[in-house]
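Here's the structure we're looking at; comments come further down.
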Amino acid sequence: MSRKQHTARITGVADTAMGELAGSTALGLHAEATNAALKDAGLEAQDIDGVLCGYSMTVPHLMLSSVFSEYYGISPSFNTAIQAGGATACIMLANAVALVESGACRHVLCVTGDNRLTGMTRDGAVAALATVGHPEFEQPYGMSVPASYALVAQAYLHRFGITRDELSAIAVSARKHAALHPKATKRDPLTLADVSESRVIASPLRLLDCCLISDGGAAVIVSAADAARDTRNPVRVLGSGQGHTHEHIMAAPSLTDFGCKASSAMAFSQAGVIAQDIDVAEIYDSFTITLLAELESIGFFEKGEAGKAALAGDISLGGRLPTNTHGGLMSYGHSGAAGGAFHIVEAVHQMRGEADARQVPGAQLSFVHGDGGILSAHCSLVLGKE
Numbered sequence: 008m009s010r011k012q013h014t015a016r017i018t019g020v021a022d023t024a025m026g027e028l029a030g031s032t033a034l035g036l037h038a039e040a041t042n043a044a045l046k047d048a049g050l051e052a053q054d055i056d057g058v059l060c061g062y063s064m065t066v067p068h069l070m071l072s073s074v075f076s077e078y079y080g081i082s083p084s085f086n087t088a089i090q091a092g093g094a095t096a097c098i099m100l101a102n103a104v105a106l107v108e109s110g111a112c113r114h115v116l117c118v119t120g121d122n123r124l125t126g127m128t129r130d131g132a133v134a135a136l137a138t139v140g141h142p143e144f145e146q147p148y149g150m151s152v153p154a155s156y157a158l159v160a161q162a163y164l165h166r167f168g169i170t171r172d173e174l175s176a177i178a179v180s181a182r183k184h185a186a187l188h189p190k191a192t193k194r195d196p197l198t199l200a201d202v203s204e205s206r207v208i209a210s211p212l213r214l215l216d217c218c219l220i221s222d223g224g225a226a227v228i229v230s231a232a233d234a235a236r237d238t239r240n241p242v243r244v245l246g247s248g249q250g251h252t253h254e255h256i257m258a259a260p261s262l263t264d265f266g267c268k269a270s271s272a273m274a275f276s277q278a279g280v281i282a283q284d285i286d287v288a289e290i291y292d293s294f295t296i297t298l299l300a301e302l303e304s305i306g307f308f309e310k311g312e313a314g315k316a317a318l319a320g321d322i323s324l325g326g327r328l329p330t331n332t333h334g335g336l337m338s339y340g341h342s343g344a345a346g347g348a349f350h351i352v353e354a355v356h357q358m359r360g361e362a363d364a365r366q367v368p369g370a371q372l373s374f375v376h377g378d379g380g381i382l383s384a385h386c387s388l389v390l391g392k393e
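Quick note on this note's numbering: the sequence shown kicks off at 8 and runs consecutively.
Quick look at the structure:
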């Protein structure tokens, strides 16, 4: 299959280190990530003529992208906010490519950030996430986000006989990668027993099956090829796709197949590649079961095999498909919409050969996936070197 030729390129990426800007506001995190991404791209603020902004739980403004542009002091010709849960960052990037390739913009900034850890109380965060449930059929009965994912995990346990250690191996692999990243939140060693014996949150999911809650921001800049100023090998979005099957888990057509099956098929087709061509994957991992289910629905592993593969080291560095090489949401950090953007930043570093001790040797193709809601909104991207 021949790859589609895209003219847009990713010229700048950055994310704020977890904890280094402790106490910053959400807008401050947006701004710091933007500063670093502009520097990475060799651009000035006035070069940005398009802004796509993710949502923030601590600044729930109806026009957050306009609020940020005002805060940062820029006046883009295109400006809008996108809200799709964990799929937000990937959808933003796909839209940025379209804006540049249509000629509407020359340099599009995709910016995300949130200070959920220090800007919200525990009860406030729980209450905000509780609104994800269906107002009639889920919220009145106390259905939580972890409980919704636990439903998926129970379905997998029942249908495919996955073991406790197979789920735990997902978290252990993420921690091994995070230990190699100086900006990761959690870098201390983690064992299968640590995960399996952590306290129950929603059976069968335990504390260490769940992602972190962090303060952080991330920014990605997409530029027209003739407007880019960086001199490195360009990174391009070779293919993208979306898949949307439901919003609430009670309406999901399946508990073992999800919209990532359609979104990844579209992205692979546009890029002219297949799953087996991918060198490194950065996939949304809000819970261990999230990554396990998506690895299988996308087609990287057969049904019931992803957990066994994780136990065998297949998703670790040196394995068949190094996955979430920065530590993912499980160990690197999760700052709302920025959490999905962290995966994009890591994929670009891998494509540039800038991932230091985490570098996958000879990586030419990376796959990035964002998942919003309860495995609801899906966006897949294939990134590659020129």
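Every residue gets a Cβ at the ideal spot worked out from N, C-alpha and C, and that includes glycine.
Since the model is a prediction, treat every value here as computed from it, not as a measurement.
Query raised in the report: Three-state secondary structure (DSSP) at isoleucine 81?
Result: By 1-based counting over the sequence shown, the position of residue 81 is 74. Here isoleucine 81 sits in coil by DSSP.
Query raised in the report: Roughly how many whole angstroms lie between the Cα atoms of serine 9 and valine 66?
Result: To locate residue 9, count along the sequence shown from 1; it is residue 2. To locate residue 66, count along the sequence shown from 1; it is residue 59. A caution first: serine 9 carries a pLDDT of 45, below 50, which makes its placement in the model unreliable, though a value can still be read off. If I take the Cα positions, the gap works out to 44 Å.
Requested in this report: Write down the C-beta distance between leucine 388 and alanine 274 rounded to the nearest angstrom, noting that I regard them as a contact closer than 8 Å.
Outcome: Along the sequence shown, read from residue 1 onward, the residue named residue 388 stands at position 381. Along the sequence shown, read from residue 1 onward, the residue named residue 274 stands at position 267. Confirmed, about 6 Å.
Query raised in the report: Once you ignore the five residues that flank methionine 127 on each side, which residues in its own chain have a CB closer than 8 Å to its CB?
Result: The residue given as residue 127 occupies position 120 in the sequence shown. If we look at methionine 127 and ignore the five residues flanking it on each side, its Cβ neighbours are Met64, Thr65 and Ala135.
Report task. In the DSSP assignment, find the unbroken beta strand (DSSP E) run with glutamate 289 in it and report its ends. Result -> Position 282 of the sequence shown holds residue 289. Taken as a continuous stretch (DSSP letters only), the beta strand (DSSP E) holding glutamate 289 covers 287-290.
Query raised in the report: Is it the case that the Cβ atoms of alanine 345 and glycine 223 are separated by a distance below 8 Å?
Result: The residue given as residue 345 occupies position 338 in the sequence shown. The residue given as residue 223 occupies position 216 in the sequence shown. The answer is yes: Cβ separation under 8 Å.
Query raised in the report: What is the rounded straight-line gap between the Cα of cysteine 117 and the Cα of alanine 91?
Result: Within the sequence shown, the letter at position 110 stands for residue 117. Within the sequence shown, the letter at position 84 stands for residue 91. Each residue's Cα considered, the two are about 14 Å apart.
Report task. Would you be able to state if there are at least three C-beta pairs under 8 Å between the segment 360-379 and the segment 227-235? Result -> Cβ pair count under 8 Å is below three, so no.
Query - When Pro142, Met70, Cys97 and Cys267 are compared against valine 355, the one with the closest alpha-carbon - result: Here residue 355 refers to the residue found at position 348 when the sequence shown is read from its first residue. It is Cys97 whose Cα lies nearest to the Cα of valine 355.
Query raised in the report: Buried or exposed: where does valine 244 fall if 16 or more other Cβ atoms within 10 Å of its Cβ makes it buried?
Result: Residue mapping note: residue 244 aligns to position 237 of the sequence shown, counting from 1. When all chains shown are included, valine 244 counts as buried.
Report task. Answer yes or no: do serine 205 and arginine 213 have a C-beta to C-beta separation smaller than 8 Å? Result -> Taking the sequence shown and counting its residues from 1, one reaches residue 205 at position 198. Taking the sequence shown and counting its residues from 1, one reaches residue 213 at position 206. For serine 205 and arginine 213, yes; Cβs fall inside 8 Å.
Query raised in the report: Can you give, in chain order, each stretch of the beta strand (DSSP E) that sits fully within the segment 197-235 and has at least 3 residues?
Result: Counting only runs of 3 or more residues that sit fully inside the segment 197-235, the beta strand (DSSP E) segments are 207-209 and 222-230, in chain order.
**Report entry** Cα-Cα separation between threonine 14 and serine 109, rounded to whole angstroms
**Finding:** Locating residue 14 in the sequence shown gives position 7, counting from the first residue. Locating residue 109 in the sequence shown gives position 102, counting from the first residue. Straight-line Cα distance between these residues: approximately 10 Å.
Query raised in the report: Among Asp22, Asn122 and Asn102, which residue has its Cα nearest to the Cα of leucine 34?
Result: Taking the sequence shown and counting its residues from 1, the one referred to as residue 34 is at position 27. The shortest Cα separation from leucine 34 among Asp22, Asn122 and Asn102 belongs to Asn122.
**Report entry** Range of the contiguous alpha helix (DSSP H) that encloses arginine 365
**Finding:** Within the sequence shown, the letter at position 358 stands for residue 365. Counting along the chain, arginine 365 falls outside any alpha helix (DSSP H), and DSSP gives it neither H nor E.
Query raised in the report: Expressed to the nearest angstrom, what Euclidean distance is found between the alpha-carbon atoms of glycine 325 and tyrosine 148?
Result: Position 318 of the sequence shown, counted from the start, is the residue given in the question as residue 325. Position 141 of the sequence shown, counted from the start, is the residue given in the question as residue 148. Taking the straight line joining both Cα atoms gives about 45 Å.
Query - Beta-carbon spacing of proline 211, alanine 176 below 8 Å - result: Stepping through the sequence shown from its first residue, residue 211 is reached at position 204. Stepping through the sequence shown from its first residue, residue 176 is reached at position 169. No.
Query raised in the report: Which runs of the alpha helix (DSSP H), 4 residues or longer, sit entirely within the segment 282-335?
Result: 295-305 and 313-318
Query raised in the report: Going by DSSP, what residues sit across from phenylalanine 374 in a beta bridge?
Result: Within the sequence shown, residue 374 is the residue found at index 367, counting from 1. Beta-bridge pairing links phenylalanine 374 to Ala288 and Val389.
Query - Secondary structure, beta strand (DSSP E): runs of 3+ residues fully inside the segment 102-129 - result: 114-122
Query - Rounded C-alpha distance that separates serine 276 from cysteine 386 - result: Position 269 of the sequence shown holds residue 276. Position 379 of the sequence shown holds residue 386. In a straight line, the C-alpha of serine 276 is about 14 Å away from that of cysteine 386.
Query raised in the report: Tell me which same chain residues have a C-beta within less than 7 Å of the C-beta of serine 73, skipping the five on either side of it?
Result: For the purposes of this step, residue 73 is taken as residue 66 along the sequence shown, with counting starting at 1. Here the set comprises Asn86.
**Report entry** Helix, strand or coil at serine 175 [DSSP, three-state]
**Finding:** Counted from its first residue, the sequence shown places residue 175 at position 168. In the structure shown, serine 175 sits in a helix (DSSP, three-state: H, G or I).
Query - Nearest to isoleucine 351 (by Cα), restricted to the options His251, Ala316 and Gly93 - result: Here residue 351 refers to the residue found at position 344 when the sequence shown is read from its first residue. Cα-wise, what sits closest to isoleucine 351 is Gly93.
Requested in this report: With a threshold of 16 other CB atoms inside 10 Å of the CB of valine 207, please say whether the residue is buried or exposed.
Outcome: In the sequence shown, the residue the question calls residue 207 occupies position 200. It is exposed - the Cβ of valine 207 has fewer than 16 other Cβ atoms within 10 Å.
Query raised in the report: What residue from Arg171, Glu77, Gly120 and Ser342 has the CA that sits closest to leucine 318's CA?
Result: As a position in the sequence shown, residue 318 is number 311, starting the count at 1. Of Arg171, Glu77, Gly120 and Ser342, the residue nearest in Cα terms is Arg171.
Report task. Kindly list the residues whose CB is nearer than 7 Å to the CB of valine 242, restricted to its own chain and excluding five residues on each side of it in sequence; keep chain order. Result -> For the purposes of this step, residue 242 is taken as the residue at position 235 of the sequence shown. Result list for valine 242: Arg16, Ile17, Val355, Met358, Arg359, Leu390 and Lys392, in chain order.
**Report entry** Span of the alpha helix (DSSP H), counted from its first residue to its last, around arginine 16
**Finding:** To locate residue 16, count along the sequence shown from 1; it is residue 9. Premise fails: arginine 16 lies in the beta strand (DSSP E), 16-22, not in any alpha helix (DSSP H).
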